[in-house]
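Participant: The following block contains the structure, expressed as structure tokens.
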Amino acid sequence: MSTASGNIRHGADVVIIGGGSAGAAFAARISEDPRRTVLLIEAGPDYAADRLPEALLAPHLLADPDHDWGYSARATDRAPSIPAPRGRTMGGSSSVNAGAAIRARAADFAAWGDRYGIKGWSYEEVLPAFRDMENTPAGDDAYHGRTGPFPIRQWTYEELTSPLRAFVDSAADLGFRRNDDFNGTRQDGTGGYPVNIVDGVRQNTALVYLTPKVRRRPNLTVLSDITIDKVLIEHGVARGVVSASGTVFRAAEVVLSAGSYGSPAILLRSGVGPAEDLRALGIDVVADLPVGRRLQDHPFFHSLFALAPEHQTMTSAFQAHLWLASREAHVGELDLSVVATHLLDGSFSPTGGAILLAAAVTRPESRGSVRLASRDPHDAPVIDNNYFATARDRSRMLEGVKLVRRLASAPPFAGAVAAELVPGDAVRSDEELEAAIAAGISTYGHPTSTVPMGGPWDEWAVVDESGAVKGLAGLRVVDASIMPEVPSTVTNATTIMIAEHIARRAYGS
């Protein structure tokens, strides 16, 4: 049952904070058991499926300001404030992102076990959750699901625009393998993206998990436009949550799915976090845990090119991809990515058409932080991405940007572009490129690891393998913040999988 929000108390078996990529999926799954009462609370607005704004449906419209938290982050000393977009609506960031739907690799999950002592999260163990969530006609049955709620479509070479086909052809001519399924056996190579876009509509988790049928369940209540301040913790047990207006929502269990910025902020205001930081803000310490201390995100540098007159096709939702190992990659890593896309306004181009080639370091070493600016739940957290804190991260990004230039000068892609607009022909030496990168860096939009999962011996872990907060009862975190490190690709599909996997593992859903 869906209801309007109000200043009333609710009792539920489980209250979920955040109706985003993980929260909407988690609410749908655990409410399948009619004996379990579930309350889902979202800070942003909720819309009926037939009343979704165009900005949440059209895949070329990203980070709509009316449905974004409006956060900013420090990237580097040369880029002290860049946008840090996060969705603030039912469906969360799945409602405002580019719709890329690539899973974390088997090697990523293996690292979770090897480096952090995490059990139960190998690729073989999470593959059933990936398959359960997926609905795709493409790929091998061993890897793909056909009947899940989350539709994924693989863009084929033939569907790409002529500049994107030229990009793929040039990458292949440079020796990279063609890949028609980045969620299959191998992930390296070049090709069109798998996306959660169907018939030109971005398929967010509010649409596909919180369907009208699901919302009619008598044991599920969905509330919107309610900002949560903190978790109500009594004698080491979570008893509910308190909204910014003071309303108490009591529950037998609290699940935070507020994302990699929201979940740590709520924990910190609740007294769960680094004791020194909490005391500095006058917050009573409930549990001294390293919340917010291991933020990771992919640094992203945009190179812009004007399209040649005969290659002006700019179907904005389409993207192509090159995923590779850098010269400094560890064994088995794919630590560089180049995205080719028309997701921009070409009117600034002297030819009227443009293409963006963005390089990302997908296995960064650098870690940042999320801290509170104050105790006020309406104040944005202080986000420091701390990009390029290591020389290896800096050199790999330089390699990625130079690869972009190599692709742009290699036929047939060279014939599709008329000129480099950013960083521009005047930027030539490695030193000049490094300076341009440090000043012009942006985020790929994949923050993780602010409430990291870990095994018993991991002193940096905040939650265990089921998302349960260490040392407290009745409190769990289920979203991208629990990934112990950022995976080597986009994060949305893996975030949804986390909800599916914990629902199955901890609740039998």
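The sequence shown: position 432 = 431 (numbering that gives the first Met the number 0), numbered continuously.
C-beta atoms are modelled at their ideal positions from N, C-alpha and C, and glycine is treated no differently.
(1) On the criterion of 16 or more Cβ atoms from any shown chain inside 10 Å, does Ser365 qualify as buried, or is it exposed?
(2) Hey, quick one: how far does the beta strand (DSSP E) through Gly239 stretch, first residue to last?
(3) Taking Cβ positions, are Leu397 and Glu431 nearer each other than 8 Å?
(4) How close, in whole Å, do the beta carbons of Ala353 and Ala305 come, if the pair is a contact with beta carbons under 8 Å?
(5) Buried or exposed, going by whether 16 or more other CB atoms sit within 10 Å of the CB of Lys229?
(6) By a C-beta neighbour count over all protein chains shown, 10 Å radius and 16 as the cutoff for buried, is Arg177 buried or exposed?
(7) Using only the alpha-carbon positions, how far apart do Ser1 and Ser223 sit?
(8) What does a CB cutoff of less than 8 Å around Gly116 pick up in its chain, not counting 5 residues either side in sequence?
(9) Kindly say whether Asp139, judged by its beta-carbon, lies nearer than 8 Å to any beta-carbon of chain D.
(10) Label His329 either buried or exposed according to how many other C-beta atoms from any shown protein chain fall within 10 Å of its C-beta, with 16 as the threshold for buried.
(11) List the endpoints of the continuous beta strand (DSSP E) containing Thr220.
(12) If you follow the beta strand (DSSP E) that His301 is part of, which residue opens it and which one closes it?
(13) Where does Asp392 land, buried or exposed, given buried means 16+ other C-beta within 10 angstroms?
(14) Can the beta-carbon of Asp378 be found less than 8 Å from the beta-carbon of Ala72?
(15) On the three-state DSSP scale, how would you describe Met132?
(16) Check the C-beta distance from Ile282 over to Arg185 and give it rounded, since I have them as a contact under 8 Å.
(17) Which residues mark the beginning and the end of the beta strand (DSSP E) in which Ala23 is found?
(18) In this structure, how does DSSP classify Asp179 when only helix, strand and coil are distinguished?
(19) Look at the Cβ atom of Pro298, then the Cβ atom of Ile196, and state whether they are nearer than 8 Å.
(20) Can you check whether the CB of Ser368 is closer than 8 Å to the CB of Leu294?
(21) Check Gly5 in the structure and name its three-state DSSP category.
(22) Mind checking who Leu294 pairs with in its DSSP beta bridge?
(23) Assuming Ala128 and Arg503 are in contact, meaning their beta carbons sit under 8 Å apart, how far apart are those beta carbons, in whole angstroms?
(24) For the alpha helix (DSSP H) containing Gly439, list its first residue and its last residue.
(25) Looking at the secondary structure, which residues open and close the beta strand (DSSP E) in which Ser71 lies?
(26) Applying the 10 Å Cβ sphere with the 16-neighbour rule, what's the burial state of Thr155?
(27) Quick one: measure Cβ to Cβ for Phe412 and Phe181, integer angstroms, because I've assumed they're closer than 8 Å.
(28) Could you name the residues of the same chain whose beta carbon sits closer than 8 Å to that of Ile7, not counting the 5 residues immediately before and after it, in chain order?
(29) For His59 versus Leu303, is the C-beta distance shorter than 8 Å?
(30) Throw me the rounded Cβ distance for the Glu484 and Ser428 pair, which I believe falls under 8 Å.
(31) Report the option in Arg362, Tyr208, Thr220, Pro308 whose CA atom is closest to the CA atom of Gly345.
(32) Which value, in whole angstroms, describes the spacing of the CA atoms of Arg145 and Ile151?
(33) Return the bridge partner residues of Val416 from the DSSP annotation.
(34) Could you tell me which of Ala460, Val236, Glu157, Glu332 sits nearest to Val285, measuring between CA atoms?
(35) In or out: Asp45 buried (at least 16 other Cβ within 10 Å) or exposed?
(36) Alpha carbon to alpha carbon, how far is Val213 from Gly270?
Facilitator: By the coordinates alone:
(1) Numbered from 1 along the sequence shown, position 366 holds the residue referred to as residue 365. So Ser365 counts as buried.
(2) Counting from 1 along the sequence shown, the entry for residue 239 is found at position 240. Residues 236 to 242.
(3) Within the sequence shown, numbered from 1, the residue matching residue 397 stands at position 398. Within the sequence shown, numbered from 1, the residue matching residue 431 stands at position 432. For Leu397 and Glu431, no; Cβs fall outside 8 Å.
(4) Position 354 of the sequence shown holds residue 353. Position 306 of the sequence shown holds residue 305. A Cβ-Cβ separation of about 6 Å places Ala353 in contact with Ala305 under the 8 Å criterion.
(5) Numbered from its first residue, the sequence shown carries residue 229 at position 230. Buried.
(6) Your numbering for residue 177 matches position 178 in the sequence shown. Looking at its Cβ environment, which holds fewer than 16 other Cβ atoms inside 10 Å, Arg177 is exposed.
(7) On the sequence shown, residue 1 is found 2 positions in, with the first residue counted as 1. On the sequence shown, residue 223 is found 224 positions in, with the first residue counted as 1. Caution is warranted here: a pLDDT of 40 is assigned to Ser1, below 50, making its placement in the model unreliable, and no coordinate value can be reported.
(8) Taking the first residue of the sequence shown as 1, we reach residue 116 at position 117. So the list reads Gly453, Gly454, Pro455, Trp456, Asp457, once near-sequence residues are dropped.
(9) Annotation note: the requested chain D is absent from the structure, which comprises a single protein chain.
(10) On the sequence shown, position 330 is the one that residue 329 refers to. Taking all protein chains shown into account, His329 has fewer than 16 neighbouring C-beta atoms within 10 Å of its C-beta and is therefore exposed.
(11) Position 221 of the sequence shown, counted from the first residue, corresponds to residue 220. Its beta strand (DSSP E) spans residues 219 to 222.
(12) For the purposes of this step, residue 301 is taken as residue 302 along the sequence shown, with counting starting at 1. Residues 298 to 306.
(13) For this step, residue 392 is matched to residue 393 along the sequence shown. Around the Cβ of Asp392, a 10 Å sphere holds 16 or more other Cβ atoms; the residue is buried.
(14) Taking the first residue of the sequence shown as position 1, residue 378 is located at position 379. Taking the first residue of the sequence shown as position 1, residue 72 is located at position 73. Contact: no.
(15) As a working mapping, residue 132 is identified with position 133 in the sequence shown. Helix.
(16) As a first step, residue 282 is located in the sequence shown; it is residue number 283 there, counting from the start. As a first step, residue 185 is located in the sequence shown; it is residue number 186 there, counting from the start. Not confirmed; about 48 Å, so no contact.
(17) Here residue 23 refers to the residue found at position 24 of the sequence shown. Here Ala23 belongs to no beta strand (DSSP E); instead the alpha helix (DSSP H) covers 20 to 29.
(18) Position 180 of the sequence shown, counted from the start, is the residue given in the question as residue 179. Collapsing the DSSP output to three states places Asp179 in coil.
(19) Taking the sequence shown and counting its residues from 1, one reaches residue 298 at position 299. Taking the sequence shown and counting its residues from 1, one reaches residue 196 at position 197. Their beta carbons are not under 8 Å apart, which means Pro298 does not touch Ile196 by this criterion.
(20) Position 295 of the sequence shown, counting from 1, holds the residue named residue 294. Position 369 of the sequence shown, counting from 1, holds the residue named residue 368. With respect to Ser368, Leu294 sits close: the two C-beta atoms are nearer than 8 Å.
(21) For the purposes of this step, residue 5 is identified with residue 6 of the sequence shown, where counting begins at 1. Confidence at Gly5 is low in this model, with a pLDDT of 46, below 50, so the placement of that residue should be treated as unreliable; the coordinate-derived value is given next. Residue state, collapsed to three classes: coil.
(22) As a first step, residue 294 is located in the sequence shown; it is residue number 295 there, counting from the start. For Leu294, which the question treats as bridged, DSSP gives the partners Gly367.
(23) Here residue 128 refers to the residue found at position 129 when the sequence shown is read from its first residue. Here residue 503 refers to the residue found at position 504 when the sequence shown is read from its first residue. 6 Å between Cβ atoms; contact.
(24) Stepping through the sequence shown from its first residue, residue 439 is reached at position 440. Where Gly439 is concerned, the enclosing alpha helix (DSSP H) stretches over 429 to 439.
(25) Counting from 1 along the sequence shown, the entry for residue 71 is found at position 72. Residues 71 to 73.
(26) Within the sequence shown, numbered from 1, the residue matching residue 155 stands at position 156. Counting the other Cβ atoms within 10 Å of the Cβ of Thr155 gives fewer than 16, which makes it exposed.
(27) Indexing the sequence shown from 1 puts residue 412 at position 413. Indexing the sequence shown from 1 puts residue 181 at position 182. The Cβ separation is near 20 Å, so there is no contact.
(28) Looking up residue 7 in the sequence shown gives position 8. For Ile7, the pLDDT reaches just 49, beneath the cut-off of 50, and the residue's location in the model is therefore unreliable, although a value from the coordinates is still provided. Closer than 8 Å at Cβ, skipping near neighbours: Thr246.
(29) Translated into positions along the sequence shown, residue 59 becomes position 60. Translated into positions along the sequence shown, residue 303 becomes position 304. Cβ atoms of His59 and Leu303: not closer than 8 Å.
(30) For the purposes of this step, residue 484 is taken as the residue at position 485 of the sequence shown. For the purposes of this step, residue 428 is taken as the residue at position 429 of the sequence shown. About 33 Å; that fails the 8 Å criterion.
(31) In the sequence shown, the residue the question calls residue 345 occupies position 346. Cα-wise, what sits closest to Gly345 is Pro308.
(32) Along the sequence shown, read from residue 1 onward, the residue named residue 145 stands at position 146. Along the sequence shown, read from residue 1 onward, the residue named residue 151 stands at position 152. Their Cα atoms are separated by approximately 10 Å.
(33) The sequence position of residue 416 within the sequence shown is 417, counting from 1. Beta-bridge pairing links Val416 to Leu306.
(34) Counting from 1 along the sequence shown, the entry for residue 285 is found at position 286. It is Val236.
(35) Here residue 45 corresponds to residue number 46 of the sequence shown, with the count starting at 1. Under this definition Asp45 is a buried residue.
(36) What you label residue 213 is simply residue 214 of the sequence shown in a count that begins at 1. What you label residue 270 is simply residue 271 of the sequence shown in a count that begins at 1. One C-alpha to the other measures close to 34 Å.
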